[in-house]
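Engineer:
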Amino acid sequence: MADFGVGLYIRKEIIDRHDGKIGVGSQTGNGSTFWFTLPLN
Numbered sequence: 463m464a465d466f467g468v469g470l471y472i473r474k475e476i477i478d479r480h481d482g483k484i485g486v487g488s489q490t491g492n493g494s495t496f497w498f499t500l501p502l503n
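Sequential numbering of the sequence shown, starting at 463, is according to my numbering.
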């Protein structure tokens, strides 16, 4: 996907503006897991 990096950047900006957090975990041969949290209040 050519726009993967741009899409991730946009998501990070949105999450940051809502005081959330975004992260990634990766294991060789198993791929990556992206996660985010947003405050409820």
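Using N, Cα and C, we set each Cβ at its ideal position, and we do this for glycine too.
Since this is a predicted model, take the numbers as computed values, not measurements.
For T495, which beta-bridge partners are listed by DSSP?
Structural biologist: As a working note, residue 495 is residue 33 in the sequence shown. T495 pairs with G487.
Engineer: With a 10 Å radius around its C-beta and 16 neighbouring C-beta atoms as the bar for buried, classify M463 as buried or exposed.
Structural biologist: On the sequence shown, position 1 is the one that residue 463 refers to. Because the pLDDT of M463 is 46, which lies under 50, any placement of that residue in the model is unreliable, and the question is left without a value.
Engineer: Roughly how many whole angstroms lie between the Cα atoms of D481 and I472?
Structural biologist: The residue you call residue 481 lines up with position 19 of the sequence shown. The residue you call residue 472 lines up with position 10 of the sequence shown. Taking the straight line joining both Cα atoms gives about 15 Å.
Engineer: Specify the secondary structure class of L500 as computed by DSSP and reduced to three states.
Structural biologist: As a working note, residue 500 is residue 38 in the sequence shown. Secondary structure of L500 (DSSP, three-state): coil.
Engineer: For D460 and G487, I'd like the C-alpha separation in whole angstroms.
Structural biologist: With the chain covering only 463 through 503, there is no way to say anything about residue 460.
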